[in-house]
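Residue numbers (my numbering), protein chains in the order written: chain X, 941 to 1138; chain B, 941 to 1138.
A virtual CB, placed ideally from N, CA and C, is assigned to each residue, including glycine.
If you're wondering where the values come from, they're calculated on a predicted model, not measured in any experiment.
Accompanying notes for the structure given below.
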DNA sequence: TGTACATCAGTGAACGCGCGTTCACTGATGTAC
DNA sequence: TGTACATCAGTGAACGCGCGTTCACTGATGTAC
């Protein structure tokens, strides 16, 4: 790699790091390009040598985040022996997202934004920017003996998870991670296992 | 009331109605004042005779919506005889919000926005712009015999509810109202009743 | 009932501001010979 | 190794646009006498 390329890549990384920090702190709309570049020690114009627009950088960061979450997930738990283990694996994973405080908020905001944008909405529903549905179905699916559709169990689990993210973002402090995990497990058991069925 | 006052009030109502429709369709940021006034058949400047800012109108609309939800709620179910009835009453109420499609989305967005604003966050946590927590605690509280904190049951129920709103807004269609209601009941039972406790 | 003046509702052009994006430019690095 | 030129990274002033807000103005309504 030439000296120029090295310099360019270095700059790109510095700008990206500043953007990750600022987007996380203040959100997409509230973070300006001038803030990103000046906080990294560059001029406003330098941004456009590296990305075509602010939105492009944001999407790239989101994709990178998801990729790293996914890698973390796939490296873990290869298979679970029963429902409790499957749910444990899922929530170990979800907790890493919960712990990435700033960014779980951004993901929620992004999800809400996608709500109004057809292309993004499809991307989310197909899992491109979403972590969940197929995972739940495949991990939990084989441990369902009640006949209840696994994708519904997955969707309910996601609902509980995302609802908890809202709760956390508001900082009410009534619930903690253990509470939701436990609740999610109870819910999955009630729906998935014959012995708990109504 | 004088002729002038009548005219003014009429205009105010027409602007408000246009705003409710447009905010609901497109959200707060994406709706401009020019759109509101021209869609109601007035000029841009007329807006400021009725409200100080776009934000003020938005908050007023939200407050009105919540007030009407609350009135509807309070008119209904005076008391429940057991947990199932209490949950039934709560979800009858929540379903009216779910059915107000556009606005349940707006409430979510508003909630997410409040996340970044201290004053709003406090207002939400104190229930000013939120529907839920004390209601659940008071309605469900007396039917908990497991010792599990009623406010946690309420918060988990809210999480499931708001997570479902996200799910609906994305239009995946995996879950319907009946699914969540049922799930919420299962969850509440598991947590509130001794016989279902682990 | 009429007149003079004040107040009000609504108009629409103009202002101001933030901010994303562009662009002509500079100095450093790379390339051809 | 040196020279001439091309290409690149980064600069920062300027542009453009949308949009919330202001303001001088008009015509209608209200008030005082």
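Interface flag, residue i vs chain X, CB-CB below 9 Å
i: residue 1052 of chain B; result: yes
i: residue 1130 of chain B; result: yes
i: residue 1045 of chain B; result: yes
i: residue 969 of chain B; result: yes
i: residue 1119 of chain B; result: yes
i: residue 1123 of chain B; result: yes
i: residue 1006 of chain B; result: no
i: residue 1138 of chain B; result: Confidence in residue 1138 of chain B is poor, its pLDDT being 45 and thus under 50, which makes the residue's placement too unreliable to answer from.
Interface partners of residue i on chain B, CB under 7 Å
i: residue 1033 of chain X; result: Those within 7 Å of residue 1033 of chain X in chain B number zero; the least Cβ separation is about 17 Å.
i: residue 1127 of chain X; result: 1123, 1126, 1127
Any C-beta of chain B under 9 Å from that of residue i
i: residue 1068 of chain X; result: no
i: residue 1065 of chain X; result: yes
i: residue 1049 of chain X; result: yes
i: residue 975 of chain X; result: no
i: residue 1133 of chain X; result: no
i: residue 1001 of chain X; result: no
Selection from the options that minimises the alpha carbon distance to residue i
i: residue 1031 of chain X; options: X:1133, X:1097, X:1114; result: X:1097
i: residue 1020 of chain X; options: X:979, X:1077, X:981, X:1062; result: X:1077
i: residue 1134 of chain X; options: X:1127, X:1115, X:1086; result: X:1086
i: residue 948 of chain B; options: B:988, B:966, B:1089; result: B:988
i: residue 1095 of chain B; options: B:1070, B:1114, B:1082; result: B:1070
i: residue 1046 of chain B; options: B:950, B:959, B:942; result: B:959
i: residue 1034 of chain X; options: X:1022, X:1054, X:1010, X:1057; result: X:1010
i: residue 891 of chain X; options: X:1075, X:1090, X:1100, X:984; result: One cannot answer for residue 891 of chain X here, as it falls past the ends of chain X, which runs 941 to 1138.
Contacts of residue i in chain B (Cβ-Cβ under 8 Å)
i: residue 1098 of chain X; result: 1103, 1107
Per-residue DSSP class, three states only, for residue i
i: residue 1081 of chain B; result: helix
i: residue 1103 of chain X; result: helix
i: residue 977 of chain B; result: helix
i: residue 1043 of chain B; result: helix
i: residue 1138 of chain X; result: Unreliable positioning characterises residue 1138 of chain X in this predicted model, as indicated by a pLDDT of 45, which lies under 50. The coordinate reading is nonetheless provided below. Coil at residue 1138 of chain X, not helix or strand.
i: residue 971 of chain B; result: coil
i: residue 992 of chain B; result: coil
Contact set between residue i and chain X, taken where Cβ atoms lie within less than 8 Å
i: residue 954 of chain B; result: Residues of chain X passing the Cβ test: none, with the nearest at roughly 26 Å.
i: residue 1056 of chain B; result: 966, 967, 970
Contacts that residue i makes with chain X (C-beta to C-beta distance below 7 Å)
i: residue 1114 of chain B; result: 1091, 1092, 1095
i: residue 1111 of chain B; result: 1061
i: residue 997 of chain B; result: Under the 7 Å cutoff, chain X gives no residues; its nearest Cβ is about 20 Å from residue 997 of chain B.
Chain-ordered chain X contacts of residue i [CB-CB under 9 Å]
i: residue 1079 of chain B; result: Residues of chain X passing the Cβ test: none, with the nearest at roughly 16 Å.
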